[in-house]
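Notes follow the structure.
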Amino acid sequence: MATIDRQATTLALAHALSAAERGLAVIPLSRTKLPALRSPHRDDPTAPLCHGECGRFGHGVYDASIDPLRIRELFAAAPWATGYGIACGLDPHHLIGIDLDTKSGTDSSAALRELALRHLFTIPETVVVLTPSGGRHVWLSGPPDVVVPNSAGRLAPGIDIRGAGGYLVGPGSRTEHGAYSTAPGTAHLAPAACPPSLLQLLLPPPRTGRHATPASTGQHGQGLVQFVLAAHEGQRNTRLFWAACRAYENGLGRDVTEALVDAAIHTGLTEHEARSTITSASRMTRHRP
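All letters in the sequence shown, in the order written, are residues 141 to 429 by the numbering used here.
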């Protein structure tokens, strides 16, 4: 049974509520940095893919919210939580996390500086979170029409990227290795815009040779379908979820659903997986505070 540290939980909840006031959707985390609430479907191997459609907690980043009442309910359901995670890729900040690790034996900060010199960008003044291991999380904001995928070491050894579908451990969290804190002078800042040349490095190369999309979806709908069709393995569900969210936010959900399903199947998802992800997107865009 998880040990309950009520003071740490109270502090984590306070920090999480403060982050939510800034438009950052949060979930409770355990001391291991994992979501504090386990999946309600963990003991049922036949359970369908669920991103929270069942109405219960325990779906990781899909539980993330900026609603104070919901956040309090999440922490009440996980009284052992000692930290909180901040979901990346969501409105209004479309957060991107540059995780500069120190455990790989490489100088990730030097690697980032080298990339900046080579590709002619500078990291703007922004929020920086210090990790217990001596690493840093650099917070950046992405464009609303671009999905940055999660990656580990793809940009450079020791540099991990937290994008859509991922989360960052929030400052004020306590883990089994120590506490996360905001670097001096950055707590008051908002996530700065990601430099365009860095953003290009974070995106996977576009695929070519895909089938044409249905003309009935309209120009914007065609762009969303093409975005799904260009997904690489490992990002298919994330791209579909993002495209479906954008479709519902722009009133195109019903019009492009079948085209998105077809595109997702073409990339390798099953029809059930595709429809479940689109349903989850519909639920999030309609009910997310």
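Backbone N, C-alpha and C fix where the C-beta goes; we use that ideal spot for every residue, glycine too.
Legend entry - Stretch pair the segment 320-338 + the segment 370-385: three plus CB contacts closer than 8 Å: Segments in contact, no.
Legend entry - DSSP bridge partner residues for Arg314 (one or two, in chain order): The count along the sequence shown starts at 1 and reaches residue 314 at position 174. Answer by DSSP bridge pairing, in chain order: Ala319.
Legend entry - Short Cβ contact (8 Å threshold) for Gly275 with Ala156: Along the sequence shown, one-based indexing puts residue 275 at 135. Along the sequence shown, one-based indexing puts residue 156 at 16. Going by C-beta atoms, Gly275 is not nearer than 8 Å to Ala156.
Inset, instruction - Kindly indicate which residue of Gly198, Thr322, Ile418 has the alpha-carbon position closest to the one of Ala218. - result: In the sequence shown, counting from the first residue as 1, residue 218 sits at position 78. Cα-wise, what sits closest to Ala218 is Gly198.
Legend entry - Cβ-Cβ separation, Tyr320 to Leu260 (assumed contact under 8 Å), whole Å: By one-based count along the sequence shown, residue 260 stands at place 120. By one-based count along the sequence shown, residue 320 stands at place 180. Contact flag wrong, Cβ pair sits at about 31 Å.
Inset, instruction - With DSSP collapsed to three states, give me the class of Ser430. - result: Past the boundaries of the shown model lies residue 430; the chain is included only from 141 to 429, so the question cannot be answered.
Legend entry - Whole-angstrom C-beta distance between Ala296 and Ala251, which should lie under 8 Å: As a first step, residue 251 must be located in the sequence shown, where it is residue number 111. As a first step, residue 296 must be located in the sequence shown, where it is residue number 156. Going by Cβ atoms, the distance from Ala251 to Ala296 rounds to 4 Å, so yes, they are a contact pair.
Inset, instruction - Would you check if the distance between the CB atom of Gly305 and the CB atom of Val201 is smaller than 8 Å? - result: Position 165 of the sequence shown holds residue 305. Position 61 of the sequence shown holds residue 201. Cβ atoms of Gly305 and Val201: closer than 8 Å.
Legend entry - Terminal residues of the alpha helix (DSSP H) in which Ser158 lies: Taking the first residue of the sequence shown as position 1, residue 158 is located at position 18. Where Ser158 is concerned, the enclosing alpha helix (DSSP H) stretches over 146-161.
Inset, instruction - Enumerate in chain order the residues of its own chain whose CB-to-CB distance from Glu413 is below 8 Å, with the five nearest sequence positions on each side excluded. - result: Numbered from its first residue, the sequence shown carries residue 413 at position 273. So the list reads Leu189, Asn377, Ala404, once near-sequence residues are dropped.
Legend entry - Cβ pair count under 8 Å reaching 3, the segment 232-251 against the segment 174-185: With fewer than three CB-CB distances shorter than 8 Å, the segment 232-251 does not count as touching the segment 174-185.
Legend entry - When Pro324, His191, Ile263 are compared against Ala332, the one with the closest alpha-carbon: For this step, residue 332 is matched to residue 192 along the sequence shown. With distances taken between Cα atoms, Ala332 lies closest to Ile263.
Legend entry - Beta-carbon proximity of Leu329 to Val267, cut-off 8 Å: As a working note, residue 329 is residue 189 in the sequence shown. As a working note, residue 267 is residue 127 in the sequence shown. Yes, these two residues count as a Cβ contact at 8 Å.
Inset, instruction - Using the Cα positions of Ser249 and Ala384, report the straight-line distance between them to the nearest angstrom. - result: Taking the first residue of the sequence shown as position 1, residue 249 is located at position 109. Taking the first residue of the sequence shown as position 1, residue 384 is located at position 244. Their Cα atoms are separated by approximately 36 Å.
Legend entry - Ala160 versus Ile144, Arg415, His317, Ser205, residue with shortest Cα-Cα distance: Mapped onto the sequence shown, residue 160 falls at position 20. When each option's Cα is compared against that of Ala160, the closest is Ser205.
Inset, instruction - Might you give, ordered along the chain, the residues of its own chain that have their beta carbon closer than 6 Å to the beta carbon of Leu392, omitting 5 neighbours on each side? - result: Your numbering for residue 392 matches position 252 in the sequence shown. Result list for Leu392: Gly361, in chain order.
Inset, instruction - Could you tell me whether any Cβ in chain D is nearer than 8 Å to the Cβ of Ala332? - result: In the structure shown, chain D does not exist; there is a single protein chain.
Legend entry - Any beta strand (DSSP E) of 3 or more consecutive residues that is wholly inside the segment 252-296: Taken in chain order, the complete beta strand (DSSP E) segments of 3 residues or longer contained in the segment 252-296 are 268-270, 276-281, 291-296.
Inset, instruction - Use the C-beta contact count for His351: other C-beta atoms within 10 angstroms, 16 or more gives buried, fewer gives exposed. - result: The count along the sequence shown starts at 1 and reaches residue 351 at position 211. Unreliable placement is indicated for His351, whose pLDDT of 44 sits below 50; the coordinate value is still reported in the next sentence. Per the 10 Å Cβ criterion, exposed.
Legend entry - Limits of the unbroken alpha helix (DSSP H) element including Ile405: If you number the sequence shown from 1, residue 405 lands on position 265. Its alpha helix (DSSP H) spans residues 393-407.
Inset, instruction - Report yes if the CB atom of His191 is closer than 8 Å to the CB atom of Thr417, and no otherwise. - result: Stepping through the sequence shown from its first residue, residue 191 is reached at position 51. Stepping through the sequence shown from its first residue, residue 417 is reached at position 277. Cβ distance < 8 Å, so His191 and Thr417 count as in contact.
Legend entry - Buried versus exposed, by CB contacts within 10 Å (16 or more), Gln147: Start at 1 with the first residue of the sequence shown, and residue 147 comes out as number 7. So Gln147 ends up on the exposed side.
Legend entry - Endpoints, the beta strand (DSSP E) within which Leu240 is located: In the sequence shown, the residue the question calls residue 240 occupies position 100. Leu240 -> beta strand (DSSP E) spans 235-240.
Inset, instruction - Tell me, please, which residues DSSP counts as bridged to Ser248. - result: One-based indexing of the sequence shown puts residue 248 at position 108. For Ser248, no pairing in a beta bridge is given by DSSP.
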